[in-house]
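Contents: one structure, followed by commentary.
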Amino acid sequence: MKIAVLSDIHGFSIAFDRVLADIGSEPGIDHLVIAGDLCEGGPDPSGVLDRLATLDAIVLQGNTDRDIANRVRDSNGARYTIDQIGEEGLQYLRELPFSRRFSPPGGIGPADDLLVVHANPFDQDRHIPPDAGPHELQELIGDTQASVIAFGHLHIAYIRNLQKVTLIDVSAVGNPKDGDLRSKWGLVEWDEETREWTTTLRYVDYPLAETEAQILGSAMPNPTKAVNKLRKASYT
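Below, the structure written as structure tokens:
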């Protein structure tokens with residue numbers, strides 16, 4: 002069983018196309034999972050939804066999807082996104098599920114599963130830092146039964162092997178924040194002989210020039226600021 006997990010497209014449709022092409026070059030993918038934050042933040046939220054409509058993908062809800070769908074964000078960017086995707090898009094975001102669990106062939110229970118969420122197994126808002134200590138991990142993961150937990154939200158790629166579970170943050174397709182502008186996605190593969198998952202982070206060159214042109218040619222607010230923010234690939 003091979004599962005591709007990506008997250009945090011944030012309206013960057015050209016980067017999304019690049020990642021989809023890279024996933025398409027990997028043979029034998031059984032499932033494609035998109036772990037939320039689909040539209041808000043980039044120049045082409047409606048284009049992202051159009052692409053999703055053509056895919057056989059499992060799509061989860063992220064915190065920005067929830068907030069946009071429920072109209073609780075009142076920023077220029079949120080209003081731009083809502084105008085772009087319309088009521089049909091809002092309804093789509095509203096109905097997305099929170100998580101998806103995969104039980105592998107030969108697995109003997111939930112502890113062998115892959116669990117995909119947006120941020121953590123309990124909510125869509127609190128990120129799991131790569132250096133989280135035992136107390137913080139207990140709050141964010143608790144006694145969740147899974148062999149691998151895959152997620153995005155933080156936009157920082159990492160794999161961390163804990164005693165009972167592996168964490169893989171697949172970072173972001175649209176706007177990474179770990180100092181590396183390349184888009185990321187995660188490959189999670191089950192080996193029936195060893196009864197173990199392997200986790201790999203994949204990196205895709207970012208279509209910066211094309212995306213900058215798309216931003217500057219769009220009606221999104223503060224396009225120059227958006228370009229500069231994208232180039233930094235950092236929260237600072």
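Adding 1 to a residue's 1-based position in the sequence shown gives its number in our numbering. The C-beta atom is built at its ideal place from N, Cα and C for all residues, glycine as well. Nothing here was measured: the structure is a model prediction, and the numbers come from that model.
Going by DSSP, which residues form a beta bridge with R203? Counted from its first residue, the sequence shown places residue 203 at position 202. In DSSP, R203 forms a bridge with W186.
Just verifying my parser: in three-state terms, what is the DSSP assignment at I86? Taking the first residue of the sequence shown as 1, we reach residue 86 at position 85. In the structure shown, I86 sits in a helix (DSSP, three-state: H, G or I).
Would H156 pass as a contact of A133 if the rule is Cβ separation under 8 Å? Walking along the sequence shown from the start, residue 156 turns up at place 155. Walking along the sequence shown from the start, residue 133 turns up at place 132. No, these two residues do not count as a Cβ contact at 8 Å.
For I24, I'd like the list of residues in its chain whose CB is within less than 7 Å of its CB, leaving aside the five on either flank, ordered along the chain. If you number the sequence shown from 1, residue 24 lands on position 23. Once the five neighbours on either side are set aside, the close Cβ partners of I24 are A5, I30, L33, W186.
Considering only residues of the stretch 104-159, which uninterrupted alpha helix (DSSP H) runs meet the minimum length of 4 residues and lie entirely inside it, listed in chain order? 135-141
Using alpha carbons as the reference points, say which of F152, F123, N162, V149 lies closest to G143. Sequence index remark: in the sequence shown, residue 143 carries index 142 (1-based). Here the closest residue by C-alpha is F123.
From which residue to which residue does the alpha helix (DSSP H) around V228 run? Looking up residue 228 in the sequence shown gives position 227. From DSSP, the alpha helix (DSSP H) with V228 extends over 224-233.
Let me check understanding here. Comparing Cα to Cα, which of R232, D51, G153, S235 lies closest to L61? Taking the sequence shown and counting its residues from 1, the one referred to as residue 61 is at position 60. Closest by alpha carbon: G153.
To the nearest angstrom, report how far apart L97 and G110 are at their CA atoms. As a working mapping, residue 97 is identified with position 96 in the sequence shown. As a working mapping, residue 110 is identified with position 109 in the sequence shown. If you take the alpha carbons of L97 and G110, they lie about 26 Å apart.
Is the Cβ-Cβ distance between D114 and R101 less than 8 Å? One-based indexing of the sequence shown puts residue 114 at position 113. One-based indexing of the sequence shown puts residue 101 at position 100. Not in contact: D114 and R101 (Cβ atoms no closer than 8 Å).
Is it buried or exposed for Y236, if we count other Cβ within 10 angstroms and need 16 for buried? The count along the sequence shown starts at 1 and reaches residue 236 at position 235. By the 10 Å Cβ count, Y236 comes out exposed.
Buried or exposed: where does Q85 fall if 16 or more other Cβ atoms within 10 Å of its Cβ makes it buried? Within the sequence shown, residue 85 is the residue found at index 84, counting from 1. Q85 should be labelled buried.
Closest Cα partner of S14 within the set K233, N229, D126, E213: Taking the sequence shown and counting its residues from 1, the one referred to as residue 14 is at position 13. Closest option to S14, Cα to Cα, is E213.
Would you identify the three-state DSSP class for L56, choosing helix, strand or coil? Here residue 56 is taken as the residue at index 55 of the sequence shown, counted from 1. In the structure shown, L56 sits in coil (DSSP, three-state: anything other than H, G, I, E or B).
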